[in-house]
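In UniProt numbering, the protein residues as written are 1 to 1007. Note that beta-carbon positions come from the ideal geometry of N, C-alpha and C, so glycine has one too. None of these values were measured; they are calculated from a predicted model. For reference, the structure is listed below as structure tokens.
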């Protein structure tokens, strides 16, 4: 080789050696940095390590070094919880598929997440691991960790797969067996659970935990003594939640061993799941108390069972009913037994509950359905019951005791046994009494007749006979009434009835109405001789006795009878005093009559008979030739009582006084005033006739003719025809030929619409239509008379036309008529009628102040019919409720209850319960509702409202079962009262929402 070439070779060699030397140095530096990064990684300085690995990866000379750096970069990202950590690891696996760290990456990341308790993340990476690539010692760890991850994520199937692989492992075996046992426990495979737990029970690490589970396992396997032993051993070492569960295990084990006294203290220590008990928890404690005869405590647990719809609930409600019976709380027992009877989980309990429900319904009444319905349903459901005879006896009696006579009549229809016919006789009688008290006389008459068609019980036959007669009397069927009263009198046991004591009184009145005054006198005297303790009826008997003597012209006896009435002074003493004065006149004792009438006007300053007295006193002055006094008294009558029917009569008398004194002009002026101011009245007609005589006497016939033409109701040329036509119609009327009379009166009015007798024709025509129950035909004729000048027919017409308006509920039209009747009536009963119906009309028109004002007027009338008095208190009470004056309503309803019957009593009882509820007297309020349910269940509206109130009472008394059950029953059974159902639903929603906070068995109601 030449020197030149050698030099060139040497130079090249040196250059290559230099390059190699440089590469070797760089590689060596990378390895040092790599080792430094690994050291940082091992020291858990992941951020620094990641940064260095990142630098190395950028200049790494080999794929191996680069892939290792990328692996550790991703691993650090995982440990640093960086958002892109998973993606970095995924990228590593994807970009370096041949890396030996691929499987290690999966395991490493999975173990990191596992160690940090992120088991869902760990599972994701364990699922990627190739098990076959793992070493044997790594595989045990992989199986345990994978099993544990599946266990924690509730994948018990997957957990068992991996954990069973290591159950015999020296390192992981105990843990695996514990978890396999726990999964068996959770899956209710108690035998397998016990098998695994027994294998690790000597391991101190699991001993404490296993004590609880083994206690529970033994309980669930029915090994109650062992469960109690284990649970008691564990109690001192347990936390608060576990103590609660252990107490439950001990208590329920004692319960199942029927050691109820031992069970109670442990059951009471149970705190529930998440602070809530369920219906079964309440049942067990309640039943334990029940078996100890601690019924109060049993009830307090049973009644927390709400929404129960299973065998446990049925059993609980049955024993709740029995507990209530032991404490004599029958209304509460009724609901509990009813609920148990509506479930069929245990048929024996259902039948027993049904029987108790039926019996208690008979004893205290039933607010949901009539007692006969309950008893009938029981017999239909259990036709072969051993209690059949007993229930049938109760059923027959229940038709009477339930007081729901209308429903009872439906149930008795078609039942032909002797006992049922006896029951029908009584029920029809009591239903008749109900209708009579409601003023429905025609319907009452039918009921009494139906009762008499089944004459099984002689006492009720007698009573029905009496009340049928009494009803006929009220229907003005006096002949039938008299026959009925005599039939009653002739019955052997009549004297044993409560009606007998008033028989003479009723007979006397019937004879009086028939104008058979001698018989009326005889019977009134017999009634008086019996010395009844009813002062008002005795007072009335003396008044009517006086009237009977009076019309029989036995004035001395009349005076004596009236005098006795005045002494009693309970009712109408002004009438007796007035009649006594008149009787003196008929006896020829004119001065005595005058002095008595003068005394009357002094004594009775507010009497409705004052205008009568003034008129009679004026007439008496005339008869004793004291014309000045007479004229003065007539003038006072006109001034004080301008609307009185006596005014035109008084003016007529004044005219006659002037005429008799030959003061013709004054007489004519007076007669003309009567003719002008009171057209169509008999007084006007008489005034025209008398004026005609004066004009004739004065020879001024033309003046008469001129004057008469100004009176459109007098046509001189047609006067005879007018009289003849009217008299013909009147004769038909008096002969009782109704249809002919109607036809002829109408003919008269068509021919003489303003005739001499138009007023009388309209009145008689109205009465005839009224008799035929053609009220709307009668109304305009009564209205004509009412609108005409005051006459003897005015008061009756005002009464009748107002009555028609009231029946048609034409309140606005009725009010002005009633006000006139109140102001113009001579008879006190018509004043009371006007005032009592004015209060009702104003109430219907929601004018509560006016309604109360008239109700108070009615109550100030003194002695009035109890029904009217009750109505007045009722109007005051209802008006007070409407105007939120509850204090007054409370007082008024208390008065209603004293005198009311039927629906008014039901209403009063409801409000009695309502006010007690408002005052917080919940038990007393329930007693009122119970009475309402027992005696007035046929009035469904108030029964329903009372039940809602009762539910509220029970909830306030911490009885959630009663409250919810009653409300659910209202919603189910009273759909016809939507407002009440809505209120019940709102209350139920509130209660269930509240109960759901402590009872996991209760689902809150949706609004």
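Membership of residue 339 in the alpha helix (DSSP H) is indicated by the continuous run 330-341. Cβ atoms of residue 775 and residue 804 come within 8 Å of each other, at about 5 Å. The count of Cβ pairs closer than 8 Å, one atom from the region 967-986 and one from the region 257-277, stays below three, leaving the stretches out of contact. Only residues of its own chain outside the window of five on either side were considered, and among them 267, 301 have a CB closer than 6 Å to the CB of residue 285, listed in chain order. Going by C-alpha positions, residue 98 is about 58 Å away from residue 231. Selection 693, 702, 666, 711 evaluated against residue 680 yields 711 as nearest (Cα-Cα). DSSP, read as helix, strand or coil, puts residue 303 in coil. Here residue 273 carries a strand assignment [DSSP, helix/strand/coil]. Secondary-structure assignment with DSSP links residue 921 through no beta bridge to anything. When the Cα atoms are used, residue 631 and residue 463 turn out to be separated by approximately 57 Å. In summary, residue 396 is buried, with 16 or more beta-carbon neighbours lying within 10 Å of its beta-carbon over all protein chains present. Checking the DSSP bridge columns, you'll see residue 999 partnered with 277. Here residue 651 carries a helix assignment [DSSP, helix/strand/coil]. The DSSP-derived three-state label of residue 447 is helix. Judged by DSSP in its simplified three-state form, residue 658 adopts helix. For the 9 Å CB-CB criterion, residue 540 and residue 559 do not form a contact. Of the residues 64, 80, 117, 137, the one whose Cα lies closest to the Cα of residue 102 is 64. Given a length threshold of 4 residues, each whole run of the alpha helix (DSSP H) inside the region 670-737 is given here in chain order: 682-698, 701-709, 719-734. DSSP, read as helix, strand or coil, puts residue 608 in coil.
Annotated as proximal: residue 686 and residue 652, with beta-carbon spacing under 9 Å. Excluding five sequence positions before and after residue 600, the CB atoms of its chain that fall closer than 7 Å to its own CB belong to 577, 578, 581, 613, given in chain order.
Apart from the 5 residues on each side of it in sequence, residue 939 sits with its Cβ closer than 7 Å to the Cβ of 903, 906 in its chain, given in chain order. In the structure shown, the three-state DSSP call for residue 873 is helix.
For the set 513, 707, 749, the Cα lying nearest the Cα of residue 727 is the one of 749. Excluding sequence positions up to five before and after residue 275, its CB lies less than 7 Å from no other CB in the same chain. In this chain, the alpha helix (DSSP H) harbouring residue 363 covers 347-364. Membership of residue 756 in any alpha helix (DSSP H) is not indicated, and neither H nor E is assigned to it by DSSP.
Residue 778 sits close to residue 770, with the two beta carbons spaced by under 9 Å.
Straight through space, the alpha carbons of residue 510 and residue 468 are spaced by roughly 13 Å. By the neighbour-count criterion, in which 16 or more other beta carbons inside 10 Å mark a residue as buried, residue 591 falls on the exposed side. Within the same chain, and ignoring the five residues on either side of residue 926 in sequence, the residues whose Cβ sits closer than 8 Å to its Cβ are 331, 913, 950, 953, 954. The region 835-843 makes contact with the region 858-866, as at least three CB pairs between them are under 8 Å. Going by DSSP, residue 115 is part of the alpha helix (DSSP H) stretching over 102-115.
CA-CA distance, residue 526 to residue 864, rounds to 25 Å. Straight-line spacing of the CA atoms in residue 792 and residue 877 works out to 38 Å.
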